[in-house]
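Since the structure comes first, as structure tokens, the remarks are kept for the end.
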Amino acid sequence: MNIFKKTVLILILAAAGGLFSLGAAESLSSADLPEGFQLADESENLILLYKTDTPEIAVLDKRNAFFWSSAFKAPVSETGLGAQWDSRISSLADILYSKPDDENSYFESLPGTEHSVAFGLRGETLVLEIDFTALQIRFSYEISIDDNTMILSIPENSVEEYGPNSLIRLTVLPFWGAASDSENGYIMYPDGSGAIHSFTEEHGEYVQKYEALVYGKSVLDMEEKQSKEVEQALLPVFGIKRDNNAFLAVAAEGDGDMLIDFAPGGYRIPVNRISSSFIYRHKYKIKRSNVVARTTRALNTVVEIYDKERVAGDRSLNYFFLADEQANYSGMASAYRSYLIENNKIRNTGVSETPDFFLGLLMGIREQRILADRIIPMTDFESAKVIVDGLLSRDMQGMTVNLMGWEKKGYGAWPVSVPVNRKIGGFGGLKDFSSYLNDAGCSLFLQWNSIDARRDNGSFSIYGDTVKNPVGLVVSDAMNQKYLISPVKSRKILNDDLIPYLEDTEISGILFEDAGKRLLMDYVDSRRFMRNDSIRNWQSMAGDARETFPSAGVSGGNAYILADTDWLTDIPYKDTGYFFSDRSVPFFQLAVHGLIPYTTALPGNLSWDHQWTVLKWVEYGYSPYYQLTWEDPGLMRKTDYTELYNAEFTKWADTAASVYARIANEMSGLHNLQILNHDALEKQLFRNTYEDGTRVYINYGSDSLNADGITVPPRDFLVVKPEGGAN
Numbered sequence: 037m038n039i040f041k042k043t044v045l046i047l048i049l050a051a052a053g054g055l056f057s058l059g060a061a062e063s064l065s066s067a068d069l070p071e072g073f074q075l076a077d078e079s080e081n082l083i084l085l086y087k088t089d090t091p092e093i094a095v096l097d098k099r100n101a102f103f104w105s106s107a108f109k110a111p112v113s114e115t116g117l118g119a120q121w122d123s124r125i126s127s128l129a130d131i132l133y134s135k136p137d138d139e140n141s142y143f144e145s146l147p148g149t150e151h152s153v154a155f156g157l158r159g160e161t162l163v164l165e166i167d168f169t170a171l172q173i174r175f176s177y178e179i180s181i182d183d184n185t186m187i188l189s190i191p192e193n194s195v196e197e198y199g200p201n202s203l204i205r206l207t208v209l210p211f212w213g214a215a216s217d218s219e220n221g222y223i224m225y226p227d228g229s230g231a232i233h234s235f236t237e238e239h240g241e242y243v244q245k246y247e248a249l250v251y252g253k254s255v256l257d258m259e260e261k262q263s264k265e266v267e268q269a270l271l272p273v274f275g276i277k278r279d280n281n282a283f284l285a286v287a288a289e290g291d292g293d294m295l296i297d298f299a300p301g302g303y304r305i306p307v308n309r310i311s312s313s314f315i316y317r318h319k320y321k322i323k324r325s326n327v328v329a330r331t332t333r334a335l336n337t338v339v340e341i342y343d344k345e346r347v348a349g350d351r352s353l354n355y356f357f358l359a360d361e362q363a364n365y366s367g368m369a370s371a372y373r374s375y376l377i378e379n380n381k382i383r384n385t386g387v388s389e390t391p392d393f394f395l396g397l398l399m400g401i402r403e404q405r406i407l408a409d410r411i412i413p414m415t416d417f418e419s420a421k422v423i424v425d426g427l428l429s430r431d432m433q434g435m436t437v438n439l440m441g442w443e444k445k446g447y448g449a450w451p452v453s454v455p456v457n458r459k460i461g462g463f464g465g466l467k468d469f470s471s472y473l474n475d476a477g478c479s480l481f482l483q484w485n486s487i488d489a490r491r492d493n494g495s496f497s498i499y500g501d502t503v504k505n506p507v508g509l510v511v512s513d514a515m516n517q518k519y520l521i522s523p524v525k526s527r528k529i530l531n532d533d534l535i536p537y538l539e540d541t542e543i544s545g546i547l548f549e550d551a552g553k554r555l556l557m558d559y560v561d562s563r564r565f566m567r568n569d570s571i572r573n574w575q576s577m578a579g580d581a582r583e584t585f586p587s588a589g590v591s592g593g594n595a596y597i598l599a600d601t602d603w604l605t606d607i608p609y610k611d612t613g614y615f616f617s618d619r620s621v622p623f624f625q626l627a628v629h630g631l632i633p634y635t636t637a638l639p640g641n642l643s644w645d646h647q648w649t650v651l652k653w654v655e656y657g658y659s660p661y662y663q664l665t666w667e668d669p670g671l672m673r674k675t676d677y678t679e680l681y682n683a684e685f686t687k688w689a690d691t692a693a694s695v696y697a698r699i700a701n702e703m704s705g706l707h708n709l710q711i712l713n714h715d716a717l718e719k720q721l722f723r724n725t726y727e728d729g730t731r732v733y734i735n736y737g738s739d740s741l742n743a744d745g746i747t748v749p750p751r752d753f754l755v756v757k758p759e760g761g762a763n
């Protein structure tokens with residue numbers, strides 16, 4: 037059955053601003069076009085094509101005559117897909133929708149769903165009006181090309197629900213560039229640092245695919261916690277490599293409400309495909325007891341509900357086409373880096389040639405007791421000076437210090453409140469310590485959690501200052517002890533309390549905990565916050581802090597924060613490790629290195645294999661990071677923070693200093709450069725090539741390995757300068 041039951045139209049409108057005759061593009065060369073296709077637009081390297089009889093769009097790369105299409109091209113007889121899948125793999129869009137009589141469930145547009153596609157030109161823009169007439173939902177694609185890029189937009193004013201059904205999700209070009217299992221190539225998806233899945237005919241039947249909400253889930257159920265083993269999609273990107281050709285798709289608009297949908301060959305059909313789905317209504321799980329007072333069902337039954345109100349805004353994707361030596365994940369990362377720079381979506385912080393040593397210090401921490409809590413001073417300001425002095429005396433060249441638990445009630449007593457805790461030295465101690473670090477040429481950040489709140493901490497209104505769910509109830513844990521502070525309240529605390537209190541110090545800035553990892557949604561009518569509102573709030577808060585202090589730091593690396601931070605912490609060095617993943621790749625790091633310094637989530641002193649972690653720092657371009665205390669961490673055994681079990685300064689000072697000294701010496705001059713290529717030479721041997729030609733070899737194996745005439749010692753790294761000779 038053909039998916040298009042209605043006649044496909046070519047619209048020819050004469051009114052100004054409307055769609056014009058396709059003949060407007062006939063002055064462009066149409067020689068050697070694939071059969072049935074017509075020319076829409078042409079750039080130096082690309083030709084944009086369309087076909088009306090079986091609706092399809094395509095891009096022809098003139099550099100090597102490679103053909104990218106919205107339809108998967110292998111015959112049904114070769115794939116064994118069957119007629120229904122044969123129709124689906126040619127679709128330009130899929131949608132999810134809800135019905136008025138069952139608004140808490142969603143339904144998928146199936147092959148054969150009655151809809152039409154109308155093609156037309158508006159200037160040099162190809163316009164597709166897609167109308168799911170049976171569902172009474174329609175929208176438009178506006179497609180243009182520029183140099184090596186195809187830009188696809190979905191204007192907000194083109195989306196119409198002219199019947200009773202509601203649009204939940206729209207999947208754009210679900211089979212664009214899809215590849216068979218027999219092809220040579222892979223799919224790159226933004227799981228953690230980045231991951232690739234190589235095409236292969238040797239696989240089983242997968243029962244799951246990769247479906248990730250870009251920037252992570254919105255927290256509206258504090259009991260439904262994401263596993264620490266599941267990495268987040270930090271970047272709104274994905275890509276496909278096929279032989280010596282590749283594309284990278286980047287969400288330019290609508291990224292805050294987008295899913296990455298990747299299905300490997302073996303998930304239902306032997307076709308590897310990846311696409312983005314824009315969300316128009318979010319789904320939430322709510323206990324039935326929170327929805328109705330009485331029911332014949334169990335009150336604790338969980339139901340899924342959708343927003344009544346549609347998420348507004350334009351959506352757009354940029355498809356960057358790469359060829360030959362650029363057609364790999366390194367080339368994709370380079371294209372994304374250029375996009376970020378050209379569109380002012382990332383800060384160039386003036387990274388030094390040699391990496392800073394990133395030192396986390398835990399100051400005070402709260403121990404909850406029956407009668408009265410107490411603060412355990414793990415590192416006071418005088419001890420912090422001794423630690424910094426000790427490291428500087430070991431030839432430390434640069435240092436950035438981050439303080440945790442500096443606030444009145446210690447680490448974990450949220451929301452954070454001033455003044456500085458007296459047991460660690462109070463405000464005078466902070467002021468003196470910040471001046472001391474400034475004189476020593478070091479930076480100082482104060483870590484601030486503006487999201488979490490605990491009932492026993494007080495200093496906030498449970499009903500006035502916390503996040504509410506879609507049915508108007510306060511979001512909390514099962515015991516009603518933990519809450520989420522509304523973004524509006526967080527910004528008020530920052531501007532009314534924190535910044536005025538700290539402005540007379542010499543700190544470098546505030547490190548916003550989880551600002552690059554967590555987006556909140558708040559359903560209080562007077563301050564309704566959706567995901568894009570939360571993004572703008574984080575950006576504004578970082579900007580507010582930078583108006584007073586030189587810098588701002590952020591934990592997490594979600595793309596929306598890259599233009600507003602000077603330090604990134606908690607950046608993943610791996611993917612989740614799904615069964616269809618071949619390996620993790622440093623896509624995030626390739627895009628960011630040399631522009632913003634970054635560290636891992638896990639400090640070196642807590643690593644399960646310290647030498648392995650040092651090698652990962654070198655391979656992925658991290659700044660060395662240790663989180664230390666002056667006192668024995670055993671003092672914290674009765675607190676909520678037991679992760680820092682191996683952190684006493686005297687036990688780690690020599691190791692930390694020697695690791696930093698080697699990295700700083702041998703990789704001097706590389707920290708501010710782009711990593712042009714990352715290559716897996718063998719299972720345990722990797723090579724980075726920097727923009728100045730320097731090559732760095734990293735060997736994780738237990739034996740020496742050879743590459744490019746170079747022997748790399750076991751569990752070690754080797755730096756080869758472009759003029760020859762190894763460091």
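This note's numbering numbers the first residue of the sequence shown as 37 and each following residue consecutively.
Glycine included, every Cβ here is placed at the ideal spot set by N, Cα and C.
Compute the beta-carbon to beta-carbon distance between residue i and residue j, rounded to the nearest angstrom, for a pair I have assumed lies under 8 Å.
i, j, result
"L284", "A154", "About 29 Å separates the two Cβ atoms, so there is no contact after all."
"D227", "E267", "5 Å"
"S388", "V437", "Not confirmed; about 16 Å, so no contact."
"L30", "L376", "Missing from the structure shown is residue 30; the chain here goes from 37 to 763 and no further."
"Y177", "I187", "In fact, because the Cβ distance is near 10 Å, the residues do not count as touching under 8 Å."
"N457", "D360", "Rounded, the Cβ-Cβ distance is 59 Å, inconsistent with contact."
"G290", "G349", "6 Å"
"I632", "L604", "6 Å"
Does the CB of residue i have a neighbour CB from chain C at under 8 Å?
i, result
"G275", "No chain C is part of this structure, which consists of one protein chain only."
On the DSSP bridge assignment, give the partners of residue i in chain order.
i, result
"H233", "I223"
"P413", "G400"
"D600", "Note: D600 sits in no beta bridge, so no partner."
"Q483", "L547"
"F624", "F624 pairs with nothing; no bridge assigned."
"I315", "R205"
"T725", "N713 and R731"
"I276", "I223 and F283"
"K757", "According to DSSP, which records beta bridges pairwise, K757 is partnered with nothing at all."
"D392", "In the DSSP output, where bridge partners are listed per residue, D392 has none listed."
"F143", "Y133"
Please classify residue i as buried or exposed, where buried requires at least 16 other C-beta atoms within 10 Å of its C-beta.
i, result
"M515", "exposed"
"N379", "exposed"
"L407", "exposed"
"N184", "buried"
"F452", "Note that residue 452 is Val in the sequence shown, not Phe. Under this definition V452 is a buried residue."
"Y303", "buried"
"T124", "The displayed chain sequence assigns Arg, not Thr, to residue 124. Counting Cβ neighbours within 10 Å, R124 comes out buried, since at least 16 surround it."
"Y681", "exposed"
"A101", "exposed"
"S145", "buried"
"A716", "exposed"
According to DSSP, simplified to helix, strand and coil, what is residue i?
i, result
"W770", "Lying outside 37 to 763, the shown extent of the chain, residue 770 is not represented and no answer is given."
"D580", "helix"
"Q575", "helix"
"M294", "strand"
"G589", "strand"
"D217", "coil"
"Q647", "helix"
"D752", "strand"
"L642", "helix"
"I699", "helix"
"E289", "strand"
Completely contained beta strand (DSSP E) runs for the region 157-198, where each covers 3 or more residues: The region 157-198 contains these whole beta strand (DSSP E) runs: 161-168, 173-182 and 185-190.
Residue ranges of each alpha helix (DSSP H) within the region 489-561, 4 or longer: Every unbroken stretch of the alpha helix (DSSP H) spanning 4 or more residues and falling wholly within the region 489-561 is given here in chain order: 523-529 and 535-538.
Ordered list of beta strand (DSSP E) runs contained in the region 415-479, each at least 3 residues: Fully enclosed beta strand (DSSP E) runs of no fewer than 3 residues occupy 435-440 of the region 415-479, in order along the chain.
Whole alpha helix (DSSP H) elements within the region 664-696, 4-residue minimum: Segments of the alpha helix (DSSP H) lying fully in the region 664-696: there are none.
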